[in-house]
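Engineer:
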Amino acid sequence: MTSWIRWRAKAVPSCLLTALAGCTVLASCSPPVLTRDGKLVFAEGGARGASVLTANGVEFLDTTETPAPILRRSADEPWQPATGFLLPRSGVWRATSRPVAMSGPGVAMVLRTSDHLVPSWGGEILMRIDTFVPTKAFPEVATRPPRFLAVVIDGRSPNTTALAEVALDNLGHQDRVMIIDTTPVRIVLPALPGSHRTLLGAATERVVSRGWQSSASFVQSSGKPAPRGSRAPARDLAKALSLARAQLRQGAGAPQAHLERQILLLTDGADTSRVPSSVEREVESLRAADIRLITVGVQDQQDPLALQSLGDEVYAGGSFEDREEALAEAIPPPGEVVLKDVELTLSSAPAPLRVLEMSGGANALSPEVDRIFFGELYAGEARTEVARLVVPVWVPGEPLEIRVTATYRDVATGEQRTSHSTVHCRYSADVERIANARHGDVIAYASALAMVRRLHRAFLGSRVDQVGGLRPLVTWQANTLASLAKTQRDPAIGAQAEILRALLDSIEE
394 MTSWIRWRAK AVPSCLLTAL AGCTVLASCS PPVLTRDGKL VFAEGGARGA SVLTANGVEF
454 LDTTETPAPI LRRSADEPWQ PATGFLLPRS GVWRATSRPV AMSGPGVAMV LRTSDHLVPS
514 WGGEILMRID TFVPTKAFPE VATRPPRFLA VVIDGRSPNT TALAEVALDN LGHQDRVMII
574 DTTPVRIVLP ALPGSHRTLL GAATERVVSR GWQSSASFVQ SSGKPAPRGS RAPARDLAKA
634 LSLARAQLRQ GAGAPQAHLE RQILLLTDGA DTSRVPSSVE REVESLRAAD IRLITVGVQD
694 QQDPLALQSL GDEVYAGGSF EDREEALAEA IPPPGEVVLK DVELTLSSAP APLRVLEMSG
754 GANALSPEVD RIFFGELYAG EARTEVARLV VPVWVPGEPL EIRVTATYRD VATGEQRTSH
814 STVHCRYSAD VERIANARHG DVIAYASALA MVRRLHRAFL GSRVDQVGGL RPLVTWQANT
874 LASLAKTQRD PAIGAQAEIL RALLDSIEE
């Protein structure tokens, strides 16, 4: 008799009690369900185990039966985990990661994993990698002051994401950046350190590529009449600039001394012809607040005169390369390139693990180690990436050691340098212990990347759309992280919840 209990709930029975983050999980009479609004509903009694998110919905995995690994007969067969994504049976994240530091001359890294108990039947874990190049390590290199940047997306164009990436790639760990949309006016992502450029860039790409459906596009895509009374969301450039000004003046906790406040407006120019007076008034308010406005026309062959009301720094017309170059000069990197050929190698004992996917950068496989390439790094640069790792099958109770080695070359001296560190995990066959010990902070950050179509296969593989997307899982995580932040009095965890909620408000499935 199998220990898997499968179901597909369309409605929550009256006998079920909902487990929200921060609430006590009570018993009921049916298996657990993860609803669209991020509520996890659990069953009464039953054996020990964990909840599993699969393409069939939420399932219950009993701890008495160990999942069998799915063996690949050749390297051409796709990787397939033995179980779906594990969730705590209690419905609440209770553990956070313990950072493992790794440093060498001129660079520092912090490693965090989603699990310290790994399944003995093999499976996936996530590793968050934070890389910093401190400016103090290169006193001879000139650096610019930190800046607080608001990127305002005004209109949809194939060039918008590429131009935003130019600015995001030049941000350092002391910079702060937020993303604001004009259609409708909303904060896509709150102020984040510049190290989160992969998340920021992917969120921009997602908003630009998806957009909002008008009534006409709804009819075209669905074949059905548009909902009665529906209309495209209002587009308001003046209101978006006002929101950006208010956010920049608050500073979002950034140091006030020597902080440059900037707005990067990426516009197709459509709204400026309709309400020029309101936009001009807001531009004057930005000048009075000493906030620098940089306007870039995203359309090819765009008339610069049509954007002349948008401040003193307007880049439009000409070639796309001309606008890229002008933007790179307006928002330069934090410093010069000081490290090159930056590479991480990952190996493990007692058997080799594999890097399945990276949120950013490039990776390559070899028989004994896997490599992650970061290339060149500026003085003051920082980046945060997440890797999906496949851990090998092994014996419960035995240790798993993940060794991470960084190699890089100092540009000034040409010297090759190395640093390394080891992340210690342990194998377990107890699915309930594994699920309860998972690190909510790392998983939440990976979920944010998954919302913008990075690493989304980590949760449901290629079948993510069969359960209505990631929204239920991300909503549940936002709820439980907010509760965990209050319990542990940890503002960093609270910030993770804020990121997830902002993405839920701005990203359409």
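When you read off a place in the sequence shown, starting at 1, and then add 393, the result is the number in my numbering. We put the CB at the ideal spot given by N, CA and C, even for glycine.
1) Using the DSSP secondary-structure output, state which residues sit across from M502 in a beta bridge.
2) In the DSSP assignment, the beta strand (DSSP E) including E653 goes from what residue to what residue?
3) Could you tell me if W486 is buried or exposed, where buried requires 16 or more neighbouring beta carbons within 10 angstroms of its beta carbon?
4) Please determine if the region 581-590 and the region 767-776 are in contact, where contact requires at least 3 C-beta pairs separated by less than 8 angstroms.
5) Enumerate in chain order the residues of its own chain whose CB-to-CB distance from T456 is below 6 angstroms, with the five nearest sequence positions on each side excluded.
6) Taking Y801 as the reference, give the member of E794, R764 and H817 with the closest Cα.
7) Pop quiz: V797 and L739 are said to be a contact at Cβ under 8 angstroms. What is the actual Cβ separation, rounded to whole angstroms?
8) For F767, count the other beta carbons within 10 Å of its own beta carbon; 16 or more makes it buried, fewer makes it exposed. Which is it?
9) Report the CB separation of R685 from E653 in whole angstroms; it is logged as a contact under 8 angstroms.
10) Check Q889 in the structure and name its three-state DSSP category.
11) Under the assumption that T575 contacts V545 (Cβ atoms under 8 angstroms), give the Cβ distance between them as a whole number of angstroms.
12) Just the C-alpha distance for R642 and P583, rounded to the nearest angstrom, thanks.
13) On the three-state DSSP scale, how would you describe G753?
14) By Cβ distance, which residues of its chain are closer than 8 angstroms to V691, with the 5 residues on each side in sequence left out?
15) Indicate whether A744 and P785 have their beta-carbon atoms separated by less than 8 angstroms.
16) How is the alpha helix (DSSP H) around R847 delimited, first residue to last?
17) Nearest-angstrom Cα distance between L542 and A742?
18) Quick one: residues in its chain with C-beta nearer than 8 angstroms to the C-beta of V445, no 5 flanking neighbours on either side, listed in chain order?
19) In terms of residues, what are the limits of the alpha helix (DSSP H) holding A799?
20) Tell me A742's beta-bridge partners as DSSP assigns them.
21) Pair every Cβ in the region 514-523 with every Cβ in the region 864-871, then say whether three or more of these pairs are closer than 8 angstroms.
22) Leaving aside the five residues before and after V762 along the sequence, list all residues of the same chain whose C-beta is less than 6 angstroms from its C-beta, in chain order.
23) With a Cβ-Cβ cutoff of 8 angstroms, do M495 and S814 count as a contact?
24) Going by C-alpha to C-alpha distance, which of G887, E808, I827 and R491 sits closest to R482?
25) In whole angstroms, what separates the C-alpha of L410 from that of D696?
26) Mapping DSSP to helix, strand and coil, what is E761?
27) Look up R685 in the DSSP assignment and say whether it is helix, strand or coil.
28) Please identify the residue among E891, P865, L863 and T459 whose C-alpha is closest to the C-alpha of S876.
29) Taking DSSP's pairing of strands, which residues face E939 in a bridge?
30) Hey, out of H509, C818 and V735, whose CA is closest to V804's CA?
31) Could you give the distance in angstroms between the alpha-carbon of E533 and the alpha-carbon of V731?
32) Counting Cβ pairs closer than 8 angstroms, one from the region 697-715 and one from the region 503-513, do we hit at least three?
33) What are the start and end residues of the beta strand (DSSP E) that includes T815?
34) Using DSSP's beta-bridge definition, name the partner residues of P586.
35) Could you say which of T880, P865, L782 and A530 lies nearest to L896 if we only look at CA atoms?
36) Applying the 10 Å Cβ sphere with the 16-neighbour rule, what's the burial state of F713?
Structural biologist: Checking against the coordinates, here is how it stands:
1) Along the sequence shown, one-based indexing puts residue 502 at 109. Answer is M495 and T524.
2) Residue numbering aside, residue 653 sits at position 260 when the sequence shown is read from its first letter. Per DSSP, E653 belongs to the beta strand (DSSP E) from E653 to T660.
3) As a working note, residue 486 is residue 93 in the sequence shown. That one is buried.
4) yes
5) Here residue 456 refers to the residue found at position 63 of the sequence shown. If we look at T456 and ignore the five residues flanking it on each side, its Cβ neighbours are R441, G442, D823, V824 and E825.
6) Residue 801 sits at position 408 when you count from the first residue of the sequence shown. Of the listed residues, the one whose Cα sits closest to Y801 is R764.
7) Sequence index remark: in the sequence shown, residue 797 carries index 404 (1-based). Sequence index remark: in the sequence shown, residue 739 carries index 346 (1-based). Confirmed, Cβ separation roughly 6 angstroms.
8) Counting from one through the sequence shown, the residue named residue 767 turns up at place 374. Classification for F767: buried.
9) One-based indexing of the sequence shown puts residue 685 at position 292. One-based indexing of the sequence shown puts residue 653 at position 260. Indeed they touch by this definition, with Cβ atoms about 7 angstroms apart.
10) For the purposes of this step, residue 889 is identified with residue 496 of the sequence shown, where counting begins at 1. Q889: helix per DSSP, three-state reduction.
11) Walking along the sequence shown from the start, residue 575 turns up at place 182. Walking along the sequence shown from the start, residue 545 turns up at place 152. Contact holds; Cβ gap of about 7 angstroms.
12) Locating residue 642 in the sequence shown gives position 249, counting from the first residue. Locating residue 583 in the sequence shown gives position 190, counting from the first residue. Answer to the nearest angstrom: the Cα atoms are 14 angstroms apart.
13) As a working note, residue 753 is residue 360 in the sequence shown. If DSSP states are grouped into helix, strand and coil, G753 belongs with coil.
14) On the sequence shown, residue 691 is found 298 positions in, with the first residue counted as 1. Result list for V691: G548, S550, N552, T553, L556, L659, T660 and D661, in chain order.
15) Counting from 1 along the sequence shown, the entry for residue 744 is found at position 351. Counting from 1 along the sequence shown, the entry for residue 785 is found at position 392. A contact, by the Cβ cut-off of 8 angstroms.
16) Locating residue 847 in the sequence shown gives position 454, where the first residue counts as 1. Unbroken run through R847: none, as it is neither H nor E.
17) Your numbering for residue 542 matches position 149 in the sequence shown. Your numbering for residue 742 matches position 349 in the sequence shown. Taking the straight line from one Cα to the other gives about 44 angstroms.
18) Walking along the sequence shown from the start, residue 445 turns up at place 52. So the qualifying residues of the chain are V451, E452, F453, L454, T476, G477, F478, L479 and L480.
19) Start at 1 with the first residue of the sequence shown, and residue 799 comes out as number 406. Careful: A799 lies outside any alpha helix (DSSP H), inside the beta strand (DSSP E) at P792 to D803.
20) On the sequence shown, residue 742 is found 349 positions in, with the first residue counted as 1. Answer by DSSP bridge pairing, in chain order: E794.
21) no
22) Along the sequence shown, read from residue 1 onward, the residue named residue 762 stands at position 369. Excluding positions up to five away in sequence, the list reads T738 and S740.
23) For the purposes of this step, residue 495 is taken as residue 102 along the sequence shown, with counting starting at 1. For the purposes of this step, residue 814 is taken as residue 421 along the sequence shown, with counting starting at 1. Yes. Within cutoff.
24) In the sequence shown, residue 482 corresponds to position 89, counting from 1. Checking every option, the nearest Cα to that of R482 belongs to I827.
25) Reading the sequence shown from its first residue, position 17 is the one you call residue 410. Reading the sequence shown from its first residue, position 303 is the one you call residue 696. Bear in mind that the predicted position of L410 carries a pLDDT of just 29, short of 50, making it unreliable; the figure below should be weighed with that in mind. Taking the straight line from one Cα to the other gives about 60 angstroms.
26) What you label residue 761 is simply residue 368 of the sequence shown in a count that begins at 1. In the structure shown, E761 sits in coil (DSSP, three-state: anything other than H, G, I, E or B).
27) Residue 685 sits at position 292 when you count from the first residue of the sequence shown. Correct three-state label for R685: strand.
28) Taking the first residue of the sequence shown as position 1, residue 876 is located at position 483. The candidate whose alpha carbon is nearest that of S876 is E891.
29) Given a span of 394 to 902 for the chain in the structure shown, any question on residue 939 remains unanswerable.
30) Taking the first residue of the sequence shown as 1, we reach residue 804 at position 411. When only C-alpha atoms are compared, the closest one is V735.
31) Taking the sequence shown and counting its residues from 1, one reaches residue 533 at position 140. Taking the sequence shown and counting its residues from 1, one reaches residue 731 at position 338. Their backbone Cα atoms lie some 11 angstroms apart in a straight line.
32) no
33) For the purposes of this step, residue 815 is taken as the residue at position 422 of the sequence shown. Taken as a continuous stretch (DSSP letters only), the beta strand (DSSP E) holding T815 covers Q809 to S821.
34) Within the sequence shown, residue 586 is the residue found at index 193, counting from 1. DSSP output for P586 lists R569 as bridge partner(s).
35) In the sequence shown, counting from the first residue as 1, residue 896 sits at position 503. Looking at the Cα atoms, P865 is the closest of the given residues.
36) If you number the sequence shown from 1, residue 713 lands on position 320. It counts as exposed.
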